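Structure first, commentary second.
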Amino acid sequence: MTNYIKLTFVLVLLSFTSCSDVIDVEVPTATERLNIEASIDWQKGTTGNEQTIILSTSTPYFDTTIDNTVVGASVKVTNIDSGTEYIFTDQNNGTYTISNFTPVFNNTFTLEVLYNNEVYTATETMIAVPAINRAEQSLEGGFDDEVLDVTIYWDDPEAEENFYFSKFDYQELLFPNLDTGSDEFSNGNEMDEFFERDKEDDDGNSTEFLPGDTVEISLYGISERYYNYLSLLLDQYYGGGNPFSSIPAELRGNCINVTNSENYAFGYFRLSEYDTLTYTFE
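When you line the sequence shown up against mature numbering (1 follows the signal peptide of the UniProt record, and there is no 0), it's residues -20 to -1, 1 to 262, in that order.
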């Protein structure tokens, strides 16, 4: 009986070690498209004169060696209300910068990008944001009453419909945590947004916030259209691996190729005021 068990174990072990054939799977490659990262962010208390727009091209999912920066493009933003044009300078590394931009609340701006003899345009309005009143930590504001969380508070303007997105960032996080919100059910009241880290990761390592940890928090005012776009994008991102989540779909921003509509771009053009603070847990 013992010999039989040993023989069975050896056969099972061989069956696992012998399956070493490499299977090459052909992954379809989508059409290369222009990526437009055009976020005009105006921090409270600053002039907002210095702005950067980033252009790149899409790459195959598994290819990490391609230089996808876009150089040689022309980038211009125009204030439609005043007629003022702002020409961004090509830095030859995929970034296009300007140091004399003038943001104006509720004015409409148009982005124009000329790349490979095709013109891409987008239109948005500069949105203001209330100041962050304060940030508070607790053990009760989040989902787990055993870990620290942090909450920011701000006063929502009563006379208008408002949309927001918040960003929480800290050193160990690969990508900032983003969330969207509106004043649909809290118009004119004090609003809040909280953030907490899980008590531990999948490997059992502690990841919760501890006294002395620091988090960077920002609150942005955004348009309703961008709110809808970003909400769908975040639903797909955070819903990955969830069997009950909606089926992922390609999301298109507000950048339109007026030369060739079939060769559309990825990305979004928005203009937001934001308030920010740094919070250290006690």
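A virtual CB, placed ideally from N, CA and C, is assigned to each residue, including glycine.
Owing to the predicted nature of the structure, the values given are computational and were not obtained by experimental measurement.
Check: Look at the alpha carbon of LEU213 and the alpha carbon of ASP163, and state the distance between them as a whole number of angstroms.; Outcome: 20 Å
Check: Quick check on the burial criterion: 16 or more other C-beta atoms within 10 angstroms. Buried or exposed for TYR144?; Outcome: buried
Check: Keeping to the same chain, check which residues put their C-beta closer than 8 Å to that of ALA115; ignore five residues upstream and five downstream.; Outcome: VAL130, THR131, ILE132, TYR133, ILE197, LEU257 and TYR259
Check: Given a cut-off of 8 Å, decide if ILE16 and residue 276 are closer than it, judged by their beta-carbon atoms.; Outcome: No information on residue 276 is available, as it lies outside the stretch -20 to 262 that the chain covers here.
Check: On a CA-only basis, which of ASP215, TYR244 and THR187 is nearest GLU152? Give me that one, please.; Outcome: THR187
Check: Identify every residue that forms a DSSP beta bridge with ILE46.; Outcome: For ILE46, which the question treats as bridged, DSSP gives no partner whatsoever.
Check: Report the start-end ranges of each beta strand (DSSP E) in the region 160 to 201 that is 3 residues or longer and not cut off at the edges.; Outcome: 170 to 176
Check: Would you mind working out which of ALA245, GLU253 and LEU251 sits nearest THR101, comparing C-alpha positions?; Outcome: ALA245
Check: What is the residue span of the beta strand (DSSP E) that ASN72 lies within?; Outcome: From DSSP, ASN72 is part of no beta strand (DSSP E); its letter is neither H nor E.
Check: Have a look at THR26, ASP135 and ASP21 and flag the residue whose alpha-carbon is nearest the alpha-carbon of THR105.; Outcome: ASP21
Check: Count the C-beta pairs between the region 66 to 80 and the region 199 to 215 that are closer than 8 Å, then say yes if the count reaches three, no if not.; Outcome: no
Check: Can you tell me whether ASP215 is helix, strand or coil according to DSSP?; Outcome: helix
Check: Since TYR76 and VAL55 should fall inside the 8 Å C-beta cutoff, what is the C-beta to C-beta distance between them, to a whole number of angstroms?; Outcome: 4 Å
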